[in-house]
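Trainee: My questions all concern the structure below.
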Amino acid sequence: MYVGIPKEIQNSETRVAATPDSVKKMSERGFNVIIESSAGYHSHFTDEAYMQAGADIVDNSDAMSADVVFKINKPDVKEIDRMKKGSVLLSFLDVCNDDGTFDRLADAGVNSVALEMIPRISRAQGMDALSSQANIAGYRAALEAASLYTRFLPMMMTSAGSAKPAKTVVLGAGVAGLQAIATARRLGARVYAYDVRPEVKEQVESLGAKFIELKVSGDGSGEGGYAKALDANDQQLQQELLAQELRSFDIIISTAMIPCMNAPVLITEDAVKGMRQGSVIIDMAAASGGNCPLTVADQTIVKHGVIICGITNYPALMPGDASTFYSRNLTNLLFQMINESNDRPVFKDYGQDEIMQLSMITCEGTVCYERRS
Ligand SMILES: NC(=O)c1ccc[n+]([C@@H]2O[C@H](COP(=O)([O-])OP(=O)(O)OC[C@H]3O[C@@H](n4cnc5c(N)ncnc54)[C@H](O)[C@@H]3O)[C@@H](O)[C@H]2O)c1
C-alpha cells in the first residue's frame, strides 16, 4: 500500500505532513512511502533523510495518486484531479468553510477524513491534530507577545532601575490558551485568565495564573469540552465587564472560539481605547473574524496606540515540531485504520469505528459528513 506525501502548496505553509521518523515507522509496518521532492524543505527535513528512512522521492502527481495521501491543508482542484478512486485522504479539510471540496472529493471517489473532526476523547488523543497544533500555536503566540511588547515580561532589577512584570491576560483557556498561560508564566509575566467555562478555573490556577470571574449569568459550557455561544444580553454584559478589566493589562492573548461560528467579540474598540499605549493584543482567533473587531488577519497593526497581531498560522512558524507532532497524529490514525495480512497493511472495516464515524467527510462517492453544529 502506497502512502503519498505531497508538498503543501498553500501560501505561507511551511509544515510537511510526514517526517523521516514517521516514514521509518510506516516502512517498518509494510507501507511504501513516496514523498514529493523537497516537501520537507521549510521544516528542515531533507530528501536524503526521507530516503534513509525508506521513502522514494517522487513528483506531485505520483504523491497525490497514492493509496493513502497525507496532507495538512485541504487539497485544491488540481490536487483532487490527481487523486485516484478509492484512495484515502487524511488532512485538515476546513470543515466549517466548505467551498465545494467535499463534493469534488466525493465525485473523485476519495474517502476523506477531516483531522479537525477527530473527537477530543481519551482513545483519540494520539490522533488529535487540532490539539497538537493549538498547543504549538499557544506557545508561539506567547513568544510573539513577548517580542512585540516593547518592555520586559519578568520583573527586572538593574543598575539603571527596575521594570515591573508585564500584566498578561489570556482570554479563552482551551488548548491554545492553557499553553499560552504556561509559556507567559515561564517568561516571567504576571498572568490572569478568563473563560466562559467555569470548569477550567482549576486548570488555570494549577498553572499559577489567576482566574478572572465575571458576573455573566449564562453558563458557557457546551459539549465535548467546547463552549456554547452566550445570548445577546450576556454577550454585551461580558464585553462591558471585560472592557473594565482589560484596561489594566499590558498584554492580551485571546483564543476564544466556538466551533464553526464566528469568534465571539471580547475586546471591543472601546476596550482597546482604554488600554495603555504600547499594550499588545495577540488575537489568535483572527482566522475566524477575531476576538477584537480591529484585528486584521495576517497583519500586525497599531490602533489607538495598541499593537494588534492577527497571525493566522502559528504552527507554520514552528514547522519542525509542528510537522513532527502532526505526522505522529496522522500515522497513529492510519495505524488504527489497518490490519496486517501476510505482513502487508490492509484496511479493516474502519467505517464502524466511533472516531472514524465522526471524522469521515466523504465515503465511497458520497458526502457522508453531517454538520453537527
Ligand atoms: N492562529 C493560529 O495559528 C491558530 C492555531 C491553532 C488554534 N488557533 C485558534 O486559537 C483559538 C483556540 O483554539 P483551541 O484549540 O485552544 O480551542 P478550544 O476550544 O480548546 O479553546 C477555546 C476556548 O475559548 C473559550 N471561549 C469560547 N467562547 C468564549 C467567550 N465568549 N468568552 C470566554 N471564553 C470563551 C472556550 O470555553 C474554550 O476554552 C481558536 O480560535 C483557533 O482557531 C489559532
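In case it helps, my numbering puts the sequence shown at residues 34 to 406. Built from N, CA and C at the ideal position, the CB exists for glycine as well.
#1: In angstroms with no decimal places, state the Cα-to-Cα distance between M150 and K111.
#2: So, helix, strand or coil for S406, using DSSP?
#3: For the beta strand (DSSP E) containing E373, list its first residue and its last residue.
#4: From the DSSP secondary-structure annotation, give me the bridge partner or partners of G194.
#5: For ligand 1, is there any heavy atom lying closer than 7 Å to the beta carbon of Q166?
#6: If you follow the alpha helix (DSSP H) that A217 is part of, which residue opens it and which one closes it?
#7: If we count the other Cβ atoms within 10 Å of its Cβ and call it buried at 16 or more, is T364 buried or exposed?
#8: Check whether the Cβ of N362 sits closer than 7 Å to any heavy atom of ligand 1, and report yes or no.
#9: Is it true that the CB of I314 sits closer than 8 Å to the CB of C325?
#10: Here's a check: name, in chain order, each residue in its chain whose Cβ is nearer than 8 Å to the Cβ of L274, leaving out the five neighbours to either side.
#11: How would you label P231, buried or exposed, when you count the other beta carbons within 10 angstroms and need 16 or more for buried?
#12: Could you check whether the region 140-159 touches the region 383-394, counting it as contact only if at least three pairs of C-beta atoms, one from each stretch, sit closer than 8 Å?
#13: Can you tell me the Cα-Cα spacing of K107 and S124, whole angstroms?
#14: Would you mind listing the alpha helix (DSSP H) stretches within the region 321-382 that are 4+ residues and don't spill past its ends, in chain order?
#15: In the DSSP assignment, what are the bridge partners of E69?
#16: Less than 8 Å between the CB atoms is what I'm expecting for D283 and S239, so what's the real figure, rounded?
#17: For V297, verify whether its CB is less than 7 Å away from any heavy atom of ligand 1.
#18: In whole angstroms, give me the CA-to-CA distance for D89 and S60.
#19: Taking all protein chains shown into account, do 16 or more other C-beta atoms lie within 10 angstroms of the C-beta of A141, making it buried, or fewer, making it exposed?
#20: Excluding five sequence neighbours on each side, which residues of the same chain lie with their C-beta closer than 6 Å to the C-beta of K104?
#21: Since R223 sits in a beta bridge, which residues does DSSP pair it with?
#22: Within its chain, find whatever has a CB closer than 7 Å to the CB of S406; leave out the 5 residues flanking it on each side and keep chain order.
#23: Does DSSP put S392 in a helix, a strand or coil?
#24: How many angstroms separate the CA atom of M189 from the CA atom of S76?
#25: How about S180 and V208: do their beta carbons lie closer than 8 Å?
#26: DSSP three-state label for I169, please.
#27: Tell me whether I68 is buried or exposed, calling it buried when 16 or more other Cβ atoms sit within 10 Å of its Cβ.
#28: Measuring CA to CA, which of V379, T79 and A319 is closest to I286?
#29: Buried or exposed: N130, going by 16 or more other Cβ atoms within 10 Å of its Cβ?
#30: Could you check what DSSP says for F244 in three-state terms: helix, strand or coil?
#31: Following a CB-centred definition, is N346 positioned closer than 7 Å to any heavy atom of ligand 1?
#32: Taking 7 Å as the line, does the beta carbon of R48 fall inside it for any heavy atom of ligand 1?
#33: What I want to know is whether the C-beta of Y227 ends up closer than 7 Å to one or more non-hydrogen atoms of ligand 1.
#34: Does the Cβ-Cβ distance between A242 and R280 come in under 8 Å?
Mentor: So, from the data block:
#1: Position 117 of the sequence shown, counting from 1, holds the residue named residue 150. Position 78 of the sequence shown, counting from 1, holds the residue named residue 111. Between M150 and K111, the C-alpha separation is close to 24 Å.
#2: Locating residue 406 in the sequence shown gives position 373, counting from the first residue. Residue placement at S406 cannot be trusted, given a pLDDT of 44 that sits under 50; what the coordinates show is reported in the next sentence. Here DSSP, grouped into helix, strand and coil, assigns S406 to coil.
#3: Against the sequence shown, residue 373 aligns to sequence position 340. Taken as a continuous stretch (DSSP letters only), the beta strand (DSSP E) holding E373 covers I371 to S374.
#4: Walking along the sequence shown from the start, residue 194 turns up at place 161. Beta-bridge pairing by DSSP links G194 to T191.
#5: Within the sequence shown, residue 166 is the residue found at index 133, counting from 1. Annotation for Q166 indicates a beta carbon within 7 Å of some heavy atom of ligand 1.
#6: One-based indexing of the sequence shown puts residue 217 at position 184. V208 to R219 is the span of the alpha helix (DSSP H), which, as asked, contains A217.
#7: As a first step, residue 364 must be located in the sequence shown, where it is residue number 331. With 16 or more other Cβ atoms from the protein chains shown falling within 10 Å of its own Cβ, T364 counts as buried.
#8: As a first step, residue 362 must be located in the sequence shown, where it is residue number 329. It does not: the Cβ of N362 is nowhere closer than 7 Å to a heavy atom of ligand 1.
#9: Translated into positions along the sequence shown, residue 325 becomes position 292. Translated into positions along the sequence shown, residue 314 becomes position 281. Taking 8 Å as the Cβ cut-off, C325 and I314 qualify as a contacting pair.
#10: Walking along the sequence shown from the start, residue 274 turns up at place 241. Within the same chain, L247, K248 and V249 come within 8 Å of L274 by CB-CB distance, once the 5 residues on both sides are set aside.
#11: Counting from one through the sequence shown, the residue named residue 231 turns up at place 198. Around the beta carbon of P231, fewer than 16 other beta carbons lie within 10 angstroms, which makes this residue exposed.
#12: Taking a contact to require three or more Cβ pairs closer than 8 Å, the region 140-159 and the region 383-394 qualify as touching.
#13: Locating residue 107 in the sequence shown gives position 74, where the first residue counts as 1. Locating residue 124 in the sequence shown gives position 91, where the first residue counts as 1. The alpha-carbon of K107 is positioned some 6 Å away from that of S124.
#14: Taking 4 residues as the shortest admissible run, the region 321-382 contains the following complete alpha helix (DSSP H) segments, listed from N- to C-terminal end: 352-370.
#15: Here the question's residue 69 lines up with position 36 in the sequence shown. Answer is V91, bridged to E69.
#16: Here the question's residue 283 lines up with position 250 in the sequence shown. Here the question's residue 239 lines up with position 206 in the sequence shown. That pair is no contact at about 24 Å.
#17: For this step, residue 297 is matched to residue 264 along the sequence shown. Reading off the sequence, residue 297 comes out as Pro, not Val. Within the cutoff, so yes.
#18: If you number the sequence shown from 1, residue 89 lands on position 56. If you number the sequence shown from 1, residue 60 lands on position 27. Roughly 11 Å between the two C-alpha positions.
#19: Within the sequence shown, residue 141 is the residue found at index 108, counting from 1. Within a 10 Å sphere around the beta-carbon of A141 sit 16 or more other beta-carbons, which makes this residue buried.
#20: The sequence position of residue 104 within the sequence shown is 71, counting from 1. Sequence-distant partners of K104 (beyond 5 residues in either direction) whose C-beta falls short of 6 Å from its own C-beta, in its chain, are A50 and S124.
#21: For the purposes of this step, residue 223 is identified with residue 190 of the sequence shown, where counting begins at 1. Paired residues: K200.
#22: Residue mapping note: residue 406 aligns to position 373 of the sequence shown, counting from 1. Note that S406 has pLDDT 44, beneath the 50 cutoff, so the model's placement of it is unreliable and no number is given.
#23: Position 359 of the sequence shown holds residue 392. DSSP places S392 in helix when its eight states are reduced to three.
#24: The sequence position of residue 189 within the sequence shown is 156, counting from 1. The sequence position of residue 76 within the sequence shown is 43, counting from 1. Cα to Cα, M189 sits roughly 35 Å from S76.
#25: Start at 1 with the first residue of the sequence shown, and residue 180 comes out as number 147. Start at 1 with the first residue of the sequence shown, and residue 208 comes out as number 175. Contact flag unset, no.
#26: Working through the sequence shown from its first residue, we reach residue 169 at position 136. Under the three-state reduction of DSSP output, I169 falls in the helix class.
#27: Residue mapping note: residue 68 aligns to position 35 of the sequence shown, counting from 1. When all chains shown are included, I68 counts as buried.
#28: If you number the sequence shown from 1, residue 286 lands on position 253. When only C-alpha atoms are compared, the closest one is A319.
#29: Here residue 130 refers to the residue found at position 97 of the sequence shown. That one is exposed.
#30: Along the sequence shown, one-based indexing puts residue 244 at 211. Strand.
#31: Translated into positions along the sequence shown, residue 346 becomes position 313. Flag set: Cβ of N346 near ligand 1.
#32: For the purposes of this step, residue 48 is taken as residue 15 along the sequence shown, with counting starting at 1. No, the Cβ of R48 stays beyond 7 Å of every heavy atom of ligand 1.
#33: As a working note, residue 227 is residue 194 in the sequence shown. Yes, Cβ of Y227 sits closer than 7 Å to a heavy atom of ligand 1.
#34: As a first step, residue 242 must be located in the sequence shown, where it is residue number 209. As a first step, residue 280 must be located in the sequence shown, where it is residue number 247. It is not a contact, given that the beta carbons lie outside the stated cut-off.
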